[in-house]
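Contents: one structure, followed by commentary.
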Amino acid sequence: LGGAGVAGEAFEGGADAEADRFGNALYGLAELGRDEGGLVGALRSEAAVRTLERACRAPGALRGAREARVPDLLTVAAHLERALRPLSLDWYEDDGLGSVDLCHAAAGGSAALPGLLARHFHGVPLLVTEYGVPLRAHYLGASGEAPVRALLAAFHRRLTAEVYRRAACLTPGNTHARRWQERCGADRARIRTVYPGMDAARFAEVGESVGGADPYTLVWVGRIEPAKDLISLLHAFVEIRRAEPKARLRIVGAAAGSEATAYLGHCKALAAQLFPDEADGVHAVGDNPVSFEEIGDPAVPDLAEAYAAGAVVVLSSVVEGFPISLVEAMFCARPTVSTDVGAVVEVIGGTGLVVPPRNPRALAEACVALLREPERRARLGAAARARALELFTVEQNVAAFRGIYLEVVSHAPVRKVVLDGTGEPLPFGAPAEAHVPGRWTDPRLVAGGLGVAGVAGVAGVAGGAGVAGLGGSAAGRPHWALGAPARGTTPVRATTPARATASVPVTTPASGSAPGSAPDSSPDPAEGRAAGPAPEAAPGATAASAAASASDPVRATERSPGTAAGEPVPAGEGAR
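Here our numbering is used: the first residue of the sequence shown is 1, the next is one more, and so on.
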């Protein structure tokens, strides 16, 4: 990538210029991968490493990158090769990325690379959904020597910015993720928050039942790992037991990986030390008030039963994106005590208590307050279930994305109208408005009505009306819809699991203004098409060096203003 970015911040007004250089280098690598059948050789070559080394030694390079040694550069090159593997997919084939209507990436970063290629080379609109913050996760989980961390952080930041800049629409799963997207350069006008959809039916029996839970039991449910800070929870439970001797704590979850397994062992050892077996006599077998269980155990046959076992659900995390366990607890009509991290406050609204992270005393006081007030628990639990059913169901998620899909596709220019063997248009082989009878397309292309079963109106198109704002010729067709349609005998949407993109054949109507409305303005599909030529020397080194001019990373943790350390903060009670 020619060293772009390592010295980027030394240039005046270099932000946009460096972004363009990084993007052009990225698409140049894609063309190189197409011509060479892959990028492994280029990105792991000696020439690539030497190019990266020269960029790190150039004037104005990142301070952390200047000290990079050969082993550091080899580590960075290996990471880049893995991160950029989607560029080596056969996206250039006839049935590849150019044949789809919309690319929907379920995450940013490397997962969005196929969508970037489709947008750049074929004009396919890109939609990016992020329920967490991948860039923040990289910052927090980065390992290795300082030069390696600096270079990789710069690369991921540049790649994230390129994805946000080129996406037709961004759909963060919460305000916490949205703030990160805006901080990384995303256009606010193209951001629509869409909460994730979850299956509420599996929790209906527990949520609709009255009573049944042990009034003195606290439940923690999740994946056991250091970020969940079970150590603070165990220390908080010491204070809870002093105030409420009958209290019990059930920790339900599994550990994945060696680090998490070691952490689980440490938590069990601490629990045994803090709470020795309680027994009437010296030789009797006692009952520890803290238990570690997994879903599928006899006492916890399924997830709903885990939440049903307790009167209060606790979340003690120090790092959290979208807290799925809290939503599940809300479906079960359980009040919650949570640490103020990630999207916790946004999710629970006014239906639980919030305390500062890493504060066992505040966590204990909030739990004791709810254990001692059964009426308050019932009130908060009912409000929590009502809020979850309103905001976090599969139905609301599908409705939101249906509207966004149709709106984004309707703003994309028609590249070609593809016909099947009988002369009928393939559903959504072109934007929605191309299939409206009597408008812009040859009448024979729409014989039998709309090309999409069940669609009565699409994104402002109803009864043959065209989309407002799209110009046309005297014959009623815009210039981009003129000309003979392309013919085909097989559907063009032949995606495979190996691809990170898929076509979007929409078969359901858009009713009114669906949640998560589409972008207000249409991005220029031709923007950024001029991919730079493949670098002459060590093209593989450009991805790292173009990224290395990243600014200071966004701070890793955030705290809601007004939260007093050491005291539980009620997020409010009842449905507001």
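Don't be surprised by glycine CBs; every beta carbon is placed ideally from N, CA and C.
Please read all numbers here as calculations on a predicted model, not as lab measurements.
What does DSSP give as the partner residues of C616 in its beta bridges? A question about residue 616 goes unanswered here, because the residues of the chain that appear run from 1 up to 576.
Would L117 and A30 be called neighbours here (beta carbons separated by less than 7 Å)? Going by C-beta atoms, L117 is nearer than 7 Å to A30.
Between the C-alpha atoms of E602 and Q396, what's the straight-line distance to the nearest angstrom? What the structure shows of the chain is the stretch from 1 to 576, and residue 602 is not part of that stretch, so it cannot be assessed.
Contact set for L132: own chain, Cβ-Cβ below 6 Å, skip 5 residues either direction: With the sequence shown as reference, residue 132 is identified as Gly, and Leu is not the correct amino acid for it. Counting only Cβ-Cβ distances below 6 Å, and skipping sequence neighbours, we find G321.
Tell me where the alpha helix (DSSP H) around S232 begins and ends. Here the alpha helix (DSSP H) through S232 covers 230–243.
Look up L117 in the DSSP assignment and say whether it is helix, strand or coil. It is helical.
Neighbourhood of D552 by C-beta distance below 8 Å, restricted to the same chain and skipping five residues each side: Low local confidence applies: a pLDDT of 40 at D552 is under 50, so the model's placement there is unreliable, with the coordinate-based value given in what follows. Short of 8 Å from the beta carbon of D552, and not among the five residues preceding or following it, lies no beta carbon of its own chain.
Which class does W91 belong to by DSSP, given the choice of helix, strand or coil? Coil at W91, not helix or strand.
Need the endpoints of the beta strand (DSSP E) that D214 sits in, please. In the DSSP assignment, D214 falls within the unbroken beta strand (DSSP E) covering 214–221.
Figure out for me which residue from E373, A200, V210 has the closest Cα to the Cα of L326. For L326, the nearest C-alpha among the options comes from A200.
Sort N359, P147, A260, R402 by Cα distance to P71 and report the nearest one. Put simply, of N359, P147, A260, R402 the residue whose alpha carbon is nearest the alpha carbon of P71 is P147.
Residue environment, S317, which counts as buried when at least 16 other CB atoms sit within 10 Å: Classification of S317: buried, given that the 10 Å Cβ count is 16 or more.
Going by C-alpha distance, which of V345, R63, R54, A177 is nearest A153? Out of V345, R63, R54, A177, R63 has the C-alpha closest to the C-alpha of A153.
Going by the beta-carbon positions, is the gap between L102 and V398 smaller than 7 Å? Contact: no.
Does the Cβ-Cβ distance between G96 and E130 come in under 7 Å? Not in contact: G96 and E130 (Cβ atoms no closer than 7 Å).
Alpha-carbon to alpha-carbon, K268 and P276: Going from the Cα of P276 to the Cα of K268 covers about 12 Å.
In the DSSP assignment, find the unbroken beta strand (DSSP E) run with T129 in it and report its ends. 126–130 is the span of the beta strand (DSSP E), which, as asked, contains T129.
Assuming R250 is part of the alpha helix (DSSP H), what are its boundary residues? From DSSP, R250 is part of no alpha helix (DSSP H) but of the beta strand (DSSP E) over 248–252.
Taking Cβ to Cβ, would you say G185 is nearer than 7 Å to A167? In this structure, A167 does not lie closer than 7 Å to G185 by Cβ.
If you drop the 5 nearest sequence neighbours on each side, which residues of the same chain put their C-beta closer than 6 Å to that of P360? Hits under 6 Å: S232, H235, A236.
Alpha carbon to alpha carbon, how far is S99 from C169? Give it in angstroms, no decimals. Cα to Cα, the separation comes out at about 20 Å.
Mind checking who F191 pairs with in its DSSP beta bridge? Going by the sequence as given, residue 191 is Ile instead of Phe. As a beta-bridge residue in DSSP terms, I191 pairs with L170.
Helix, strand or coil at I224 according to DSSP, with G and I counted as helix: Three-state DSSP puts I224 in a strand.
If you draw a straight line from the C-alpha of A498 to the C-alpha of E373, how long is it? The pLDDT assigned to A498 is 43, lower than 50, so where the model puts this residue is not dependable, and the model offers no usable value.
Mind checking who F292 pairs with in its DSSP beta bridge? According to DSSP, which records beta bridges pairwise, F292 is partnered with I251.
In the structure shown, what three-state DSSP assignment does V100 receive? Coil, per DSSP.
Do P357 and V337 have their C-beta atoms closer together than 7 Å? With respect to V337, P357 sits apart: the two C-beta atoms are not nearer than 7 Å.
Kindly indicate which residue of A177, H120, G212 has the alpha-carbon position closest to the one of R136. Comparing alpha-carbon positions, the option among A177, H120, G212 lying closest to R136 turns out to be A177.
Distance, Cα to Cα, A645 vs A262? The chain is shown only over 1 to 576; residue 645 falls outside these bounds and no answer can be derived.
Have a look at A189, G115, A65 and flag the residue whose alpha-carbon is nearest the alpha-carbon of P86. Residue G115 holds the alpha-carbon nearest to the alpha-carbon of P86 among A189, G115, A65.
With a cut-off of 8 Å on the beta carbons, I'd call D323 and V300 a contact; round off their distance for me. Note that residue 323 is Pro in the sequence shown, not Asp. The beta carbons of P323 and V300 sit about 20 Å from each other, so the pair does not count as a contact at 8 Å.
If distances are taken between C-alpha atoms only, which option among N174, E205, V206 comes closest to R192? Comparing Cα positions, the closest option is N174.
Distance, V319 Cα to A543 Cα: Low local confidence applies: a pLDDT of 43 at A543 is under 50, so the model's placement there is unreliable, with the coordinate-based value given in what follows. Taking the straight line joining both Cα atoms gives about 29 Å.
Select from P289, D297, F22 the residue whose C-alpha is nearest the C-alpha of A272. Nearest of P289, D297, F22 to A272, Cα basis: P289.
Residues bridged to L315 [DSSP beta-bridge criterion]: Answer is S338.
Count the other CB atoms within 10 Å of the CB of A189; is the residue buried (16 or more) or exposed (fewer)? With fewer than 16 other Cβ atoms within 10 Å, it is exposed.
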